[in-house]
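**Student:** Dumping the structure here so I can ask a few things about it.
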Amino acid sequence: MAKPIVAIVGRPNVGKSTLFNQLAGKRISIVEDTPGVTRDRIYADSEWLNTAFTMIDTGGIEPDSQDELLQQMKYQAEIAIETADVILFLTDAKEGITSTDRDVADLLRKSEKPIVLAVNKIDTQEEEAGLYEFYNLAIGEPMSISASHKRGIGDMLDEIVKRFPPVGVVEDEEDVIHIAVVGKPNVGKSSLVNRLLRQERVIVSDIPGTTRDA
């Protein structure tokens, strides 16, 4: 059977890629303070309590945006949500609950998937008070973490693993062939990848530099 899948979702700039890289044990997703850096779905494997699973990093969701690129990022995130066995909903304690957080929470409730709510950027014990506001999202008990300081990650992973469906034998992926599609900007790499995979795996746009992570 396939590994369980965890989709990391949330609004832009809450630390999804930082957390993804921490769990992967290496830098895979680009991390910047600029919102919208992650655009496509990025995959990596991880393990906790002798349980292997696959993570999906997603671009920040802005449900009401009419921007074409942001709409495509939302579509990619929705595919990740549909694919996932467990959703890790990441929020930002330093900014508190925003209207976008509430919109994302509504979207996730409709998925009817198990959800772990993590409140990021609680770097010290003294900042724990910022956690309690997030009960207002009514999406489960919030867990305090700091992706950059590796604080609370173990407890968060415990909750994620508890929500996995029963898993049989994990499929052997040692013989999987990995292919890189490279070239200068705007020559059609993303269109080719989507054609080969027969799905909208990466965002396609006439804007050079749309694909950011590799």
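Numbering that gives the first Met the number 0 applies: residue 0 is where the sequence shown begins, and numbers increase by one.
Just so it is clear, CB atoms sit at the ideal spot from N, CA and C, and this is done for glycine as well.
Computed from a prediction, not measured in an experiment: that's the story for all the values here.
1) Does DSSP classify Ile-138 as helix, strand or coil?
2) Buried or exposed for Gln-21, going by 16 or more other Cβ atoms inside 10 Å?
3) Once the 5 residues before and after Val-13 are set aside, which same chain residues still bring their CB inside 7 Å of it?
4) With which residues is Thr-214 paired in a DSSP beta bridge?
5) Going by DSSP in three states, Ile-159 sits in which element: helix, strand or coil?
6) Do the CB positions of Asp-44 and Pro-164 come within less than 7 Å of each other?
7) When the Cα atoms are used, what is the spatial distance from Asp-100 to Ala-128?
8) What are the boundary residues of the beta strand (DSSP E) that includes Asn-119?
9) What three-state label does DSSP hand Ala-76 in the structure shown?
10) For Gly-153 versus Ile-114, is the C-beta spacing smaller than 7 Å?
**Tutor:** The short version:
1) For this step, residue 138 is matched to residue 139 along the sequence shown. The DSSP-derived three-state label of Ile-138 is coil.
2) Within the sequence shown, residue 21 is the residue found at index 22, counting from 1. It is buried - the Cβ of Gln-21 has at least 16 other Cβ atoms within 10 Å.
3) For this step, residue 13 is matched to residue 14 along the sequence shown. Contacts found: Leu-89, Thr-90, Asp-91, Asn-119.
4) Limits of the chain in this structure are 0 at one end and 213 at the other, which puts residue 214 out of reach.
5) Start at 1 with the first residue of the sequence shown, and residue 159 comes out as number 160. Residue state, collapsed to three classes: helix.
6) Numbered from 1 along the sequence shown, position 45 holds the residue referred to as residue 44. Numbered from 1 along the sequence shown, position 165 holds the residue referred to as residue 164. No, they are not a contact pair.
7) On the sequence shown, residue 100 is found 101 positions in, with the first residue counted as 1. On the sequence shown, residue 128 is found 129 positions in, with the first residue counted as 1. Taking the straight line from one Cα to the other gives about 19 Å.
8) For the purposes of this step, residue 119 is taken as residue 120 along the sequence shown, with counting starting at 1. Where Asn-119 is concerned, the enclosing beta strand (DSSP E) stretches over 114-119.
9) Stepping through the sequence shown from its first residue, residue 76 is reached at position 77. Three-state DSSP puts Ala-76 in a helix.
10) Within the sequence shown, numbered from 1, the residue matching residue 153 stands at position 154. Within the sequence shown, numbered from 1, the residue matching residue 114 stands at position 115. Not closer than 7 Å, so no.
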